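Report on the structure given below.
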Amino acid sequence: MPVDQLVLRPGLCLRHWSGWLAPTAAADRLARLQAEVPWKQEAITLYGRRHPLPRLTCWMADPGCGYRYSGLANAIEPWSPVAAELRQALEQLTGWRFNSLLLNRYRDGRDAMGWHADDEPELDPAAPIASLSLGAPRDFRLRPRPSPRRPVDLPPPEGHGQALPFNIPLHSGDLLLMEAPTQWWWQHALPRRLRLQQERLNLTFRVVRPA
Ligand SMILES: O=C(O)CCC(=O)C(=O)O
0 MPVDQLVLRP GLCLRHWSGW LAPTAAADRL ARLQAEVPWK QEAITLYGRR HPLPRLTCWM
60 ADPGCGYRYS GLANAIEPWS PVAAELRQAL EQLTGWRFNS LLLNRYRDGR DAMGWHADDE
120 PELDPAAPIA SLSLGAPRDF RLRPRPSPRR PVDLPPPEGH GQALPFNIPL HSGDLLLMEA
180 PTQWWWQHAL PRRLRLQQER LNLTFRVVRP A
C-alpha cells in the first residue's frame, strides 16, 4: 500500500506517496515511456551562447496549452498512451484536471535540474503540480526562496525567514503533490549525483491557463 505523508513548512505544502506505483508497474511505465516519448535535447541561449539542457525533455499538452521557461518555447506533443493513463489516475486522485505534462529524462547522475520555482505566468497558481518519479532514486532539494516573487504583495508566511533547506529522497513509483502556494515561497532542484549510472524519468502534471 502506498504511504501518504504530509510535508509542511511555512508557505510550503507537499503530499508524498511512497510507492504510489508498485515496483513492477513503475518499471513497466518507465520502459514504455522511454520507448514511446519523442525525447528532445533542448538548448537555451544565454548571452548569445547555446547551452544544451542537462537532460532530455518533452512537453505533452492539450491544444492551446503552450509553455515557456528560460526563453524556451516548448513544442506541444500529443498525449502518449501511458501519459494519458497516468493523467487519468492522477485526476481521479486529486480532483484536478491536468492539461499539460513536462517530462524530464535524466540519463544518469550527470543530468540534473537547477534551482527554480514553477511559477511561470501560464501556470494556474491555485493548482497543484503532481510529480511522478520512475527509475533511479534521486534527491529532491527544497529551499525557501531568497526573494519570493508573488502575484500580490503578501507578507511572507510566519517563520519563512527562518525555514531551512531540506531533502526528499524520491524513489521509483513515488508521487509528490506540490500544493499552492509552495511555488511562490519555495524553490526546488535535482542536484547532480556523479557516481549514479542509472536513468530516471520525472513527469510533472500541470494546469496551464490556455492562451
Ligand atoms: O525531476 C524532478 O524531480 C524535478 C523536476 C522539476 O523540478 C520540474 O519539472 O520543474
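Oh and the sequence shown: position 202 is 201 in numbering that gives the first Met the number 0, straight run, nothing missing.
Glycine residues also receive a C-beta, built at the ideal position from the N, C-alpha and C atoms.
These numbers were taken from a predicted model, which means no experiment stands behind them.
Short note on PHE139: C-beta closer than 7 Å to some heavy atom of ligand 1.
For VAL36, the three-state secondary structure derived from DSSP is coil.
For GLU35 and PRO155, the gap between their C-alpha atoms comes out near 43 Å. Short of 7 Å from the beta carbon of PRO143, and not among the five residues preceding or following it, lie these beta carbons of its own chain, in chain order: HIS159, ALA162, TRP184, TRP185.
Here ARG31 is not near TYR105, since their CB atoms are 8 Å or more apart. Collapsing the DSSP output to three states places LEU89 in a helix. For TRP78, there is no enclosing beta strand (DSSP E), as DSSP marks it with neither H nor E. Note that the C-beta distance between GLU178 and GLY134 is not below 8 Å. Burial state of SER132 is buried, judged by a 10 Å Cβ sphere holding 16 or more other Cβ atoms. Here ILE128 is buried, its C-beta having at least 16 other C-beta atoms within 10 Å.
The closest CA to that of LYS39, considering only THR181, ALA74, ASP61, CYS64, is found on ALA74.
Scanning the segment 85–141 from its first residue to its last, the whole beta strand (DSSP E) runs of 3-plus residues come out as 99–105, 112–115, 128–134. Ligand 1 has no heavy atom closer than 7 Å to the beta-carbon of ASN73.
For CYS12, the CB contacts under 7 Å within the same chain, skipping 5 residues up- and downstream, are GLU178, THR181 in chain order. In the DSSP annotation of this structure, the continuous segment of the alpha helix (DSSP H) that includes GLN182 starts and ends at 181–184.
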